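S.K.: Pasting a structure here, questions to come.
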Amino acid sequence: MNHNSKLITILIPCYNEQESLPALFGRLNAVMDSMPDYRWEVLTVNDGSTDSTLAMLMQMHRRDSRWHYVDLSRNFGKETAMLAGMDYAKGNCVVIMDSDLQHPPEEIPRMISLWEKGYDDVYGVRRQRGREPWIRKKLSLMYYRILQKTTRIPVLQNTGDFRLLDRVCIDALTAMRECQRYTKGLYCQIGFKKASFEFDQQDREAGQTKWNMRSLAGLAVDGVTSYTTAPLRIATVMGLVVSAIAFIYMVWVFAKAAIYGDPQAGFPTIMTVMLFLGGVQLLTLGILGEYVGRIFNEVKHRPPYFVREVDGEKATAYRSK
Ligand code: UDP
Ligand code: MG
437 MNHNSKLITI
447 LIPCYNEQES
457 LPALFGRLNA
467 VMDSMPDYRW
477 EVLTVNDGST
487 DSTLAMLMQM
497 HRRDSRWHYV
507 DLSRNFGKET
517 AMLAGMDYAK
527 GNCVVIMDSD
537 LQHPPEEIPR
547 MISLWEKGYD
557 DVYGVRRQRG
567 REPWIRKKLS
577 LMYYRILQKT
587 TRIPVLQNTG
597 DFRLLDRVCI
607 DALTAMRECQ
617 RYTKGLYCQI
627 GFKKASFEFD
637 QQDREAGQTK
647 WNMRSLAGLA
657 VDGVTSYTTA
667 PLRIATVMGL
677 VVSAIAFIYM
687 VWVFAKAAIY
697 GDPQAGFPTI
707 MTVMLFLGGV
717 QLLTLGILGE
727 YVGRIFNEVK
737 HRPPYFVREV
747 DGEKATAYRS
757 K
């Protein structure tokens, strides 16, 4: 092994993945063995698993010196687990992939060859989305369309977290310490030279996806609020429109009363206008609240995660960047 050769980190967040890990070990080791010109570091992040995931990662670390693990103090969610991994990654580039083998490790050589051509951010685009409910696909498509309309930063569809990032990108991403992370947005935010490649998303090797409709909706809101402040403008626009209509209506009511007199009680009109405006006000208040809530969480400046142990060594304190 050449000690001047480049070090490649493979970053894998793991949360209750005991069923998929054996297959991951086998396939990833085969890929690494096939490229001996590089040095390898597999950095697994145990995101507070409650099954035997951690034990298996520890065992792998003892068996193969390329494998390392960071054990978080509890489940922080994939986005934060990835941040932890990026903080600890030492490689000249970092390949991020899921532990459930939905991202085929056999694509890694292709990603590396694009990186060697000078690209800093090589991301996978799904050819097909694998087994997924139809309604979820449609909702996801709609979501990206709307999000793109509200921002100048390009939003990439059908790309997940299967990507290779050069050291410059990792340094940029870890410099952004927000707690409520929407990494997909951050990849676009940082820029740098990007290249895409297509891959077939496999079905989950084993176990179940950790996302349900509710957590997906949460991620969607995180996406909008961390990407754009456009929703805040809705209040302004609605206010303008409603005031304009109200003014025209007022002129009309005055004119009518002056010419014909006004025998009507007007209860239905008042009721509908009141309810409509009340609804609009509550809605905009809610949008405002989403942002205020996020500000509240960010100004506390809490460390995004805590580490219990790294490769068997007890973490002494939070490692701040
Ligand atoms: N994951 C994690 N923390 C979580 C949830 C998921 O680290 O709280 C990891 C999980 O182990 C997997 C990846 O994130 O490696 C993707 O998760 P999953 O397969 O459940 O998501 P999907 O592929 O359905 O989007
Ligand atoms: Mg998955």
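Sequential numbering of the sequence shown, starting at 437, is according to this note's numbering. For glycine and all other residues, C-beta sits at the position ideal for the given N, C-alpha and C. None of these values were measured; they are calculated from a predicted model.
State the CB to CB distance for the pair Tyr555 and Arg599, rounded to an integer number of angstroms; the pair is presumed to be in contact (CB under 8 angstroms).
M.R.: The Cβ separation is near 11 angstroms, so there is no contact.
S.K.: Which one of Gly596, Val728, Leu493, Asn452 has the shortest CA to CA distance from Gly531?
M.R.: The question names Gly, yet the displayed sequence has Val at residue 531. Of the listed residues, the one whose Cα sits closest to Val531 is Gly596.
S.K.: Check whether the region 578-588 touches the region 499-509, taking contact to mean three or more Cβ pairs, one atom from each stretch, closer than 8 angstroms.
M.R.: These segments do not touch.
S.K.: State the Cα-Cα distance for the pair Ile626 and Asn465, rounded to the nearest angstrom.
M.R.: The straight-line gap from Cα to Cα measures roughly 31 angstroms.
S.K.: Excluding the five sequence neighbours on either side, which residues of its own chain have a C-beta within less than 6 angstroms of the C-beta of Trp476, listed in chain order?
M.R.: Ile444, Met468, Arg502.
S.K.: So what does DSSP say about Thr516, is it helix, strand or coil?
M.R.: Correct three-state label for Thr516: helix.
S.K.: Pick from Gly462, Met494, Thr489: whose alpha carbon is nearest that of Glu749?
M.R.: The candidate whose alpha carbon is nearest that of Glu749 is Met494.
S.K.: Might you give, ordered along the chain, the residues of its own chain that have their beta carbon closer than 8 angstroms to the beta carbon of Ser470, omitting 5 neighbours on each side?
M.R.: Within the same chain, Ser470 has close Cβ partners Pro545.
S.K.: What are the residues that DSSP puts in a beta bridge with Pro449?
M.R.: Looking at the DSSP assignment, Pro449 forms a beta bridge with Val481.
S.K.: Return the residue from the list Asn482, Leu724, Gln717 that minimises the CA-CA distance to Phe742.
M.R.: Selected option, being the one with the closest Cα: Asn482.
S.K.: What runs of the alpha helix (DSSP H), each 4 residues or longer, lie entirely inside the region 651-739?
M.R.: Within the region 651-739, the complete alpha helix (DSSP H) runs of at least 4 residues are 666-696, 703-735.
S.K.: Return the first residue and the last residue of the alpha helix (DSSP H) that Tyr580 is part of.
M.R.: Run containing Tyr580: 570-585, per the alpha helix (DSSP H) assignment.
S.K.: According to DSSP, is Thr489 helix, strand or coil?
M.R.: Helix, per DSSP.
S.K.: For Ala653 and Leu676, I'd like the C-alpha separation in whole angstroms.
M.R.: Taking the straight line from one Cα to the other gives about 30 angstroms.
S.K.: When you compare only the Cα positions, how much space is there between Phe635 and Ile446?
M.R.: Roughly 18 angstroms between the two C-alpha positions.
S.K.: For Asn452, count neighbouring Cβ atoms within 10 angstroms of its own Cβ and tell me buried if that reaches 16, exposed if not.
M.R.: It is buried - the Cβ of Asn452 has at least 16 other Cβ atoms within 10 Å.
S.K.: Excluding sequence positions up to five away, which residues of its chain have a Cβ less than 6 angstroms from the Cβ of Lys514?
M.R.: The answer, listed in chain order, is Pro449.
S.K.: Is it a yes or a no for the region 609-623 touching the region 655-674, going by three-plus beta-carbon pairs under 8 angstroms?
M.R.: The region 609-623 is in contact with the region 655-674.
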